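K.L.:
Chains as they are written, first to last, in this note's numbering: chain A, 992 to 1231; chain B, 87 to 399. Every residue, glycine too, gets a C-beta built ideally from N, C-alpha and C. Remember, it's a predicted structure, so these values are computed and weren't measured experimentally. Take this structure, written in structure tokens, and hold onto it; I'll ask about it next.
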């Protein structure tokens, strides 16, 4: 009985996966969010000398007004703006990409056939809900794997910290990554092997990993959560 | 289920819909009591909007009855387990187009509780049987209406159901496909599967069903064995060379005599009159081509029932 129930739930989950992957809107938002993240990654470039901003480039053009500004202020300002934008866009993307997954199951002509099987309405709803969660969960696992790859072989000991930190930890890393993406790819003052360096590398990978709508959503949710730590540079000790 | 227990049994099954704006009540099904015995082929007939599909949906718990009870294999139809042995092909089905034919069969069979090994074997068999083996791994979105109908039938058979409920199975299928479906259903019936057929194609029902029920405006207008319902009350004899001399004697025995292209057709009211007529013809050295019992077609029975039902109202 339990096996049958699990098999039916598994079939519903697999079907939700197939349906989400077959949707053009899903891939459309995937493309949009990728472009968006690349934009944040590449649009702004900040050169830092001795803790101060030496030069800021936007779309490759010099922005001289930023010279001598404290790096923390720049990061906070940029990150704040980006976070608000991503929260809105992420929410929009995720809602539109996954909104139709459950209602389509209850369309006339489809629900009658599903209900003719030995499954109840609540079971159908549960199966599809779990399926939608599984799609999101896969994104999370994928992004974890990407960030682990980004740690490099010499820093494997941090892996436990990443997984142990759980979702909140990942969200923090994404937000830090966004700070780095927004500030530019290079922090000249970092030292090789520095934990901050490792975190920045991992975070940079996370920017790519966060391309899919649901990852973007999680990222945006964290960015908009009001946690003050999100607006600071890496809290490296948190991951030890 | 005990051997004598009906596969489908309903008692006073009723469904009333209330229109949202006008608050007018539509009586889709009104106190329908029906019983379908195991192993039979049962045809449910009725004009458009008579409540056939609503009745089936109530049996499968897609919609909740306003009143009355329905049992499948002795279990309350609201219990999902009652539907484990049911295969269903809906009328206006919408199969998810992102699946291939094979994936779809696997999906619905998994919901019915079939094991993976069984699904693999059965999907191959059935796709071959319904003529879709070459299309098994093509997305359903590319299938024609007839192919979808055949795939739907395969889907209904994946878990080897004891009761097969088909809502307009011949809809959109060409004559060859329809013949294939009929042969498949006959084969299943011989194996003991109960078949519940809802169709507008009276000729199909007549060829295939043992029992029929006709519903009109949600109420049962007629039910019974098909051969009894269509049985007429006389016999027809055909003779190619009936002797002139025999006609005088035959006129006393026959209900009517007609001649067409040299073939004389004689109508007899009962078996006794028929046998006497045969004796007279043989005594005059006439040949007998054919003797057949007079029958009504299912269409005649259907039209008569519907007309009577209207008059009663």
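Are at least three pairs of beta-carbons, each pair with one atom in the region 1094-1113 of chain A and one in the region 164-176 of chain B, less than 8 Å apart?
P.N.:
As far as the Cβ criterion goes, the region 1094-1113 of chain A touches the region 164-176 of chain B, which means the pair count is three or higher.
K.L.:
Evaluate residue 1167 of chain A with the Cβ neighbour count: other Cβ atoms within 10 Å of its Cβ, from every protein chain shown; 16 or more gives buried, anything less gives exposed.
P.N.:
Residue numbering aside, residue 1167 of chain A sits at position 176 when the first chain is read from its first letter. Since pLDDT at residue 1167 of chain A reaches only 43, below the 50 mark, its modelled position is unreliable, and no value is offered.
K.L.:
Please tell me whether residue 1113 of chain A has its Cβ less than 8 Å away from any Cβ of chain B.
P.N.:
In the first chain, residue 1113 of chain A corresponds to position 122, counting from 1. By this cut-off, residue 1113 of chain A is not an interface position.
K.L.:
Is there a Cβ of chain B sitting closer than 8 Å to that of residue 1109 of chain A, yes or no?
P.N.:
One-based indexing of the first chain puts residue 1109 of chain A at position 118. So yes, residue 1109 of chain A belongs to the interface.
K.L.:
Beta carbons nearer than 7 Å to chain A: which residues of the region 142-175 of chain B have them?
P.N.:
Those would be 143, 146, 147, 148, 166, 167, 169, 170, 172, 174, in chain order.
K.L.:
Which chain A residues sit within Cβ distance under 9 Å of residue 258 of chain B?
P.N.:
Mapped onto the second chain, residue 258 of chain B falls at position 172. In chain order: nothing, as chain A lies at least about 14 Å away.
K.L.:
Along the chain, where does the beta strand (DSSP E) containing residue 317 of chain B start, and where does it finish?
P.N.:
Along the second chain, read from residue 1 onward, the residue named residue 317 of chain B stands at position 231. Here the beta strand (DSSP E) through residue 317 of chain B covers 317-325.
K.L.:
Taking only beta-carbon atoms, is residue 1143 of chain A less than 8 Å away from chain B?
P.N.:
Here residue 1143 of chain A refers to the residue found at position 152 of the first chain. Its pLDDT being 42, under 50, residue 1143 of chain A is placed unreliably in this model, and the value from its coordinates should be taken loosely. Not closer than 8 Å to any Cβ of chain B, the Cβ of residue 1143 of chain A fails to qualify, so no.
K.L.:
Closer than 9 Å between beta carbons: that is the criterion. Which residues of the region 182-207 of chain B meet it against chain A?
P.N.:
Against chain A - using a Cβ distance shorter than 9 Å - the residues of the region 182-207 of chain B are 182, 183, 184, 185, 189, 192, 193, 194, 195, 196, 197, 198, 199, 200, 201, 202.
K.L.:
Could you tell me which whole alpha helix (DSSP H) segments of length 4 or greater appear in the region 231-290 of chain B?
P.N.:
Runs of the alpha helix (DSSP H) inside the region 231-290 of chain B: 231-243, 261-276.
K.L.:
Between residue 164 of chain B and residue 198 of chain B, is the Cβ-Cβ spacing less than 8 Å?
P.N.:
Here residue 164 of chain B corresponds to residue number 78 of the second chain, with the count starting at 1. Here residue 198 of chain B corresponds to residue number 112 of the second chain, with the count starting at 1. No; because the gap between Cβ atoms is not below 8 Å, this pair is not in contact.
K.L.:
Compare the C-beta of residue 1019 of chain A with all C-beta atoms of chain B and state if any pair is closer than 8 Å.
P.N.:
To locate residue 1019 of chain A, count along the first chain from 1; it is residue 28. It does not: the Cβ of residue 1019 of chain A has no partner Cβ on chain B nearer than 8 Å.
K.L.:
Taking only beta-carbon positions, decide if residue 1002 of chain A is within less than 8 Å of chain B.
P.N.:
Indexing the first chain from 1 puts residue 1002 of chain A at position 11. Yes, residue 1002 of chain A counts as interfacial toward chain B.
K.L.:
By a C-beta neighbour count over all protein chains shown, 10 Å radius and 16 as the cutoff for buried, is residue 354 of chain B buried or exposed?
P.N.:
Looking up residue 354 of chain B in the second chain gives position 268. Counting Cβ neighbours within 10 Å, residue 354 of chain B comes out buried, since at least 16 surround it.
K.L.:
Could you list which residues in chain B have their beta carbon closer than 8 Å to that of residue 1089 of chain A, in chain order?
P.N.:
As a first step, residue 1089 of chain A is located in the first chain; it is residue number 98 there, counting from the start. Simply none; closest approach about 15 Å.
K.L.:
Report yes or no: is there a C-beta of chain B within less than 8 Å of the C-beta of residue 1117 of chain A?
P.N.:
In the first chain, residue 1117 of chain A corresponds to position 126, counting from 1. Not an interface residue.
K.L.:
Residue 1159 of chain A: buried (16+ other C-beta within 10 angstroms of its C-beta) or exposed?
P.N.:
As a first step, residue 1159 of chain A is located in the first chain; it is residue number 168 there, counting from the start. With a pLDDT of only 39 at residue 1159 of chain A, under the threshold of 50, the placement of this residue in the model should not be trusted; the figure read from the coordinates follows. Per the 10 Å Cβ criterion, exposed.
K.L.:
Mind checking who residue 142 of chain B pairs with in its DSSP beta bridge?
P.N.:
Counted from its first residue, the second chain places residue 142 of chain B at position 56. Answer is none; residue 142 of chain B lacks a bridge partner.
K.L.:
Count the C-beta pairs between the region 275-294 of chain B and the region 131-149 of chain B that are closer than 8 Å, then say yes if the count reaches three, no if not.
P.N.:
Enough Cβ pairs lie closer than 8 Å, so yes.
K.L.:
Using a Cβ cut-off of 8 Å, pull out every chain E residue sitting near residue 180 of chain B, in sequence order please.
P.N.:
No chain E is present in this structure, whose protein chains are A and B.
K.L.:
So which residues of chain B does residue 1092 of chain A contact, with C-beta pairs closer than 9 Å?
P.N.:
Here the question's residue 1092 of chain A lines up with position 101 in the first chain. Within 9 Å Cβ-Cβ: nothing; residue 1092 of chain A doesn't reach chain B, min ~12 Å.
K.L.:
So which residues of chain B does residue 998 of chain A contact, with C-beta pairs closer than 9 Å?
P.N.:
Position 7 of the first chain, counted from the start, is the residue given in the question as residue 998 of chain A. In chain order: 196, 197, 199, 200, 201, 202.
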